[in-house]
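There are 2 protein chains.
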Amino acid sequence: MAERLSAEARKSALAELPGWSETAGRDAIARTFTFKDFNEAFGFMSRAALVAEKNDHHPEWKNVYKTVEVVLATHDAGGVTKRDIDLAKAMNAIAGQLGVA
Amino acid sequence: MAERLSAEARKSALAELPGWSETAGRDAIARTFTFKDFNEAFGFMSRAALVAEKNDHHPEWKNVYKTVEVVLATHDAGGVTKRDIDLAKAMNAIAGQLGVA
């Protein structure tokens, strides 16, 4: 099982994850992605969903038209683990391909 | 443009929409769908996304693993319109095919 990252390890990982930040009041990380339209936003979600399902590690996310708010945490570990960092990296890579830095 | 439904028309439409209810503090309707797992939840979202895009009328929705919380309102009209009722019906039909009544 993935171990919960220390506050220091979390900060260090976030430094290499543009757009992501710690979530107030929760041991979780979050990013809001803003795309051009719903087509791109849901395209992003579809690709991220395949990654999530493959790794059996799923996001909490909310979509309103062209925005996708994502929160990542590992429930079993009670906080942020390497699995969240990996999914955040994968999401940034997918968004990057859609022109969202 | 779709016209905002009166409170009476909204209640009457909701009576024929199992699982949907009015949203507290907003002129909107909402339903939380609970599926078997992420595969089914995201499958539902994918089918509903195609309907939404085709009709150019999109949901606000949040997915956490097997649950999908949906809120529907028509921003241009400042409330619930026939377009929301139609999307809610389509979502119920898709969920029904996945065994969620």
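Protein sequences, first through last, are from chains A and B.
Counting in numbering that gives the first Met the number 0, the first sequence runs from 0 upward without gaps.
Counting in numbering that gives the first Met the number 0, the second sequence runs from 0 upward without gaps.
Positions of the beta carbon are idealized from the N, C-alpha and C atoms, including for glycine.
Note that the structure is a prediction, hence the values are computed from the model and not measured.
Three-state secondary structure (DSSP) of residue i
i                : result
GLU15 of chain B : coil
LEU86 of chain B : helix
GLY42 of chain A : helix
ARG9 of chain A  : helix
ASN54 of chain B : coil
GLY78 of chain A : strand
LEU4 of chain A  : coil
LEU71 of chain A : strand
PHE37 of chain B : helix
ALA27 of chain A : coil
Burial state of residue i (16 or more Cβ within 10 Å)
i                : result
ALA12 of chain A : buried
PRO17 of chain A : exposed
ASP55 of chain B : exposed
LEU71 of chain B : buried
ASP83 of chain B : buried
LEU4 of chain B  : buried
ALA23 of chain A : exposed
For residue j and residue i, believed in contact at Cβ under 8 Å, the rounded distance
i                : j                : result
THR33 of chain B : LYS65 of chain B : 6 Å
PHE43 of chain B : VAL67 of chain B : 6 Å
GLU7 of chain A  : LEU97 of chain A : At roughly 32 Å, the Cβ-Cβ gap does not stay under 8 Å, so GLU7 of chain A and LEU97 of chain A are not in contact.
ALA51 of chain A : LEU86 of chain A : 6 Å
Own chain, CB closer than 8 Å to residue i, minus 5 neighbours either side, in chain order
i                : result
PHE41 of chain A : ASN62
SER20 of chain B : LEU13, ILE28, ALA29 and ARG30
THR73 of chain B : ALA1, ARG3, HIS56, VAL79, THR80, ARG82 and ASP83
Own chain partners of residue i with C-beta closer than 7 Å, once the 5 adjacent residues on each side are dropped
i                : result
ASP75 of chain B : MET0
ALA94 of chain B : PHE32 and PHE43
GLU2 of chain A  : ALA76 and THR80
Close Cβ partners of residue i (< 6 Å) along its chain, the five nearest in sequence each way excluded
i                 : result
ARG132 of chain A : In the structure as shown, chain A starts at 0 and stops at 100, and residue 132 of chain A therefore has no counterpart that could be examined.
ARG46 of chain A  : ILE93
ARG25 of chain A  : none
ALA89 of chain B  : VAL50
HIS57 of chain A  : ALA51
GLU59 of chain A  : VAL70
What residues in the region 25 to 51 of chain B have a beta carbon less than 8 Å from any beta carbon of chain A?
PHE37, ASN38, PHE41, MET44, SER45, ALA48 and ALA51
If contact means a Cβ-Cβ distance below 7 Å, which residues of the region 59 to 71 of chain B contact chain A?
GLU59, TRP60, LYS61, ASN62, VAL63 and TYR64
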